[in-house]
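UniProt numbering numbers the first residue of the sequence shown as 1 and each following residue consecutively. Beta carbons are placed, not taken as given, at the ideal position from N, Cα and C, and that holds for glycine. These numbers were taken from a predicted model, which means no experiment stands behind them. First up is the structure itself, then whatever we jot down about it.
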Amino acid sequence: MPSPLGRRAVLRGAAITSVGAAAAGALAPSSSAAHVADVRDRGTGRPLESPRPLDGRPAPDYDYSRPNRLPQEMTGYWSKTFDVGGTSRSAKVYIPAETPNRAYWIVLGAPEDMTASAFLTRSGWREHADRAGEGLVVLEPGAAGWGGPDAEAAYLDAVLAFHQSNPYYSIFGEHYLVGYEGAAPALERWAAVNPLRVIAQVYLASTGLSERFLREVGSFEYDGTTDGSYTPVELPEDLDRIRRDEVVLPTWYIAPQREAGASIDYWRVANDASQGGRRDGVLGSVYRQRPGSDRWTTSSSGPISLVAVQPRPMKAASRGTTGRIVDFLGAYTRYENFFAYGNQLMERPDLNKMGVEVRTMMVGGHPREYLVYVPSSAKRQWGKMAPVVFVWPGNTQTDRLFFDSAQWWRVADEHGCVVVVICETYAASAISVSHRDSDEFYRKLRDVVLRRYDVDPTRFYSTGQSAGSGVTQTLAIAKPEYFAAVASTSFAGGPDGQGRVTLDGTPYQASGEPIPNYLIYGAGDLSFLAGTLWDDTQNRLDAWADYHLGVNGRSLDEIAEADAVRSGWKNRFRTWTWTTPDTEAPAVKVSLNEYRSHNNTPEETPMLWDFLEHYRHEVAEDGTVTRWWSPSGFRNPADEVQITS
């Protein structure tokens, strides 16, 4: 009897033996074929209440008593109707009581032989959602059952457009898809058209899509178009464009029909997977992304994806089936749902197994959430003096979302740093968060970290993305004594005409004191970061550089634009560095990622740490700040150099 499949088993290929059988030869089992044993299929669960209508419902009120949770009034079971070409269709939404803002959501295409309510209960999906704090969207068949994938396209577009942006709940931004029987081809069609928006997909008893459709949709090439008001990216003429059929997307077929052969081949090629499958007791034939794969969307994580084909059927309304699907989906996360060259499939961390602490404290009169990750490597590498990175997510992002998407946990595991991620609070609406009371939050959080954990107070660092970079960079100007160094992405600026900077609506006078500072931004970033420091456009990027170069006694003309150092995947980074006078210690550093829009990429996270780790500082009673730089990152006590006093 196969044991439950763990997420690490999916990624690392545990308990797999070679059989060398092609998937096509294992399709369409007879109706008498044995089901995979449902070892977790126990009980039926409590029934769902009748769904409440979302149609015409007012937006929820703010609920500051629930830090990083969707409003209490929105939890429960809901129904939403859609006009699809003059026909009324419906979908169901289930929001568990403890669903965070921008949580992971699973989109389910329900089977025809039971109601959505019965399916959620009998299958264990409702139970999983409650346990994990993950939302569910249930696509329902029409009055005549599920139509073909083209016939259902408008319905899926309507439901998923609402799901991605509505006043009632917020989502991670990427989807897990699970399609049962007639719903499977419709969901797969949406995934083939929108692969950047899908983390992983599972289809049961699917007939798949036609080879002609897949060939047409897969040939689409992504250009440098960016979302919203971001700067368009001018891709080099000789750069091979990413095609839709080159976007890596983990896929599992369970008991596919014979017609699904074209779909299986399509996803195997998209995942750059091997032609020969290896046998797994749960997944079936497994086709893993080949070693050395050059797919853009796994450039940071490596070849972690796969396509699996299990010829034996599994019961749809089964906790055992659902548990295995959850294990498969939960191995992966993804971020950047619009710009292909910044999109990355990654390993999803298991916060519970890793011992990540999710805590709250009172800030500005309301409870606020933050998380702390102390890797086992911290004590092993640093004893009781581990460095600490304070992480400020971007606007609307949460601590949990950014912990997964930025992959700071990987840096922590490798280098032994403690990671503290600040969560925002409700801002534009009751389901949207942003930074507030940041100075108070940091000071209280700093005291808690010093009191509770074995850390080095001289090696506190700050980083952030977008609005979180704004917090980091503002503190670097107004209160540089807080940190040994700062390094952030996609937001910058300098003092105004009165020499002030503003944080959360409060003005502060610029200190005029130096702090080691590193900024990474994208060629397709915010409009006020467009270009380089050497062009004729003056914007916030130039204001940032003017201030920090000035307080370090450096000037822009000491380095030419042509002096950039190339690095990274496809040489995507151009980096310029100004050192502290009379030392080799970087004082101001800036990198342009030529192949991304506004969202940071996980490739940038270790670059930020590689800058931060070399600095420490001490603050005297009179406020004097002394800083040191260590080429070894303080692993060699004899190599540190004093750079300011």
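N-terminal and C-terminal residue of the beta strand (DSSP E) that residue i is part of
i: residue 390; result: 386-392
i: residue 586; result: 586-593
i: residue 403; result: Where residue 403 is concerned, there is no enclosing beta strand (DSSP E), although the alpha helix (DSSP H) it sits in stretches over 399-406.
i: residue 361; result: 357-363
i: residue 611; result: Here residue 611 belongs to no beta strand (DSSP E); instead the alpha helix (DSSP H) covers 604-612.
Backbone secondary structure at residue i - three-state DSSP
i: residue 648; result: A query on residue 648 cannot be resolved here, the shown segment of the chain reaching from 1 to 645 and no further.
i: residue 374; result: coil
i: residue 347; result: strand
i: residue 448; result: helix
i: residue 21; result: Because the pLDDT of residue 21 is 30, which lies under 50, any placement of that residue in the model is unreliable, and the number read from its coordinates should be weighed accordingly. Three-state DSSP puts residue 21 in coil, outside helix and strand.
i: residue 415; result: helix
i: residue 117; result: helix
i: residue 335; result: strand
i: residue 469; result: helix
i: residue 634; result: coil
i: residue 162; result: helix
i: residue 321; result: helix
i: residue 528; result: helix
i: residue 422; result: strand
i: residue 491; result: coil
i: residue 92; result: strand
i: residue 235; result: coil
i: residue 550; result: helix
i: residue 32; result: Confidence is the limiting factor: at residue 32 the pLDDT is only 31, short of 50, which leaves the residue's position unreliable, though a coordinate-based value still follows. Of the three classes helix, strand and coil, the one that applies to residue 32 here is coil, per DSSP.
i: residue 498; result: coil
i: residue 645; result: coil
Within 8 Å, strictly: CB atoms of residue i and residue j
i: residue 486; j: residue 478; result: no
i: residue 222; j: residue 525; result: no
i: residue 149; j: residue 186; result: yes
i: residue 290; j: residue 306; result: no
i: residue 218; j: residue 262; result: no
i: residue 121; j: residue 58; result: no
i: residue 81; j: residue 99; result: no
i: residue 70; j: residue 431; result: yes
i: residue 227; j: residue 402; result: no
i: residue 371; j: residue 358; result: yes
i: residue 110; j: residue 138; result: yes
i: residue 448; j: residue 386; result: no
i: residue 179; j: residue 141; result: no
i: residue 214; j: residue 343; result: no
i: residue 248; j: residue 298; result: yes
i: residue 312; j: residue 260; result: no
i: residue 332; j: residue 347; result: yes
i: residue 528; j: residue 460; result: no
Sequence-distant residues of its chain with Cβ nearer than 8 Å to residue i (five each side left out)
i: residue 640; result: 616, 628, 629, 630, 634
i: residue 72; result: 63, 66, 97
i: residue 533; result: 541, 542, 545, 556, 561, 576, 590
i: residue 243; result: 218, 219, 220, 221, 222
i: residue 355; result: 373, 374
Distance between residue j and residue i (C-alpha atoms, nearest Å)
i: residue 349; j: residue 404; result: 7 Å
i: residue 411; j: residue 422; result: 17 Å
i: residue 294; j: residue 146; result: 38 Å
i: residue 51; j: residue 95; result: 11 Å
i: residue 86; j: residue 160; result: 18 Å
i: residue 417; j: residue 375; result: 7 Å
i: residue 648; j: residue 531; result: Any question about residue 648 goes unanswered here, given that the chain covers just 1 to 645.
i: residue 552; j: residue 638; result: 25 Å
i: residue 250; j: residue 303; result: 11 Å
i: residue 392; j: residue 462; result: 8 Å
i: residue 574; j: residue 594; result: 8 Å
i: residue 83; j: residue 143; result: 14 Å
i: residue 488; j: residue 442; result: 16 Å
Where the alpha helix (DSSP H) containing residue i begins and where it ends
i: residue 296; result: It is not in any alpha helix (DSSP H) - residue 296 carries neither H nor E in the DSSP assignment.
i: residue 109; result: Run containing residue 109: none in the alpha helix (DSSP H); it sits in the beta strand (DSSP E), 103-109.
i: residue 283; result: Taken as a continuous stretch (DSSP letters only), residue 283 belongs to no alpha helix (DSSP H), as it is neither H nor E.
i: residue 678; result: There is simply no residue 678 to check, as the chain begins at 1 and stops at 645 in what is shown.
i: residue 127; result: 125-132
i: residue 211; result: 211-218
Residues near residue i in its chain [Cβ-Cβ closer than 7 Å; skip 5 each side]
i: residue 643; result: 580, 583, 585, 627, 628, 629
i: residue 395; result: 434, 466, 467
i: residue 495; result: 477, 501, 510, 547
i: residue 504; result: 435, 436, 437, 438
Own chain, CB closer than 6 Å to residue i, minus 5 neighbours either side, in chain order
i: residue 192; result: 217
i: residue 382; result: 416
i: residue 364; result: 437
i: residue 367; result: 67, 360
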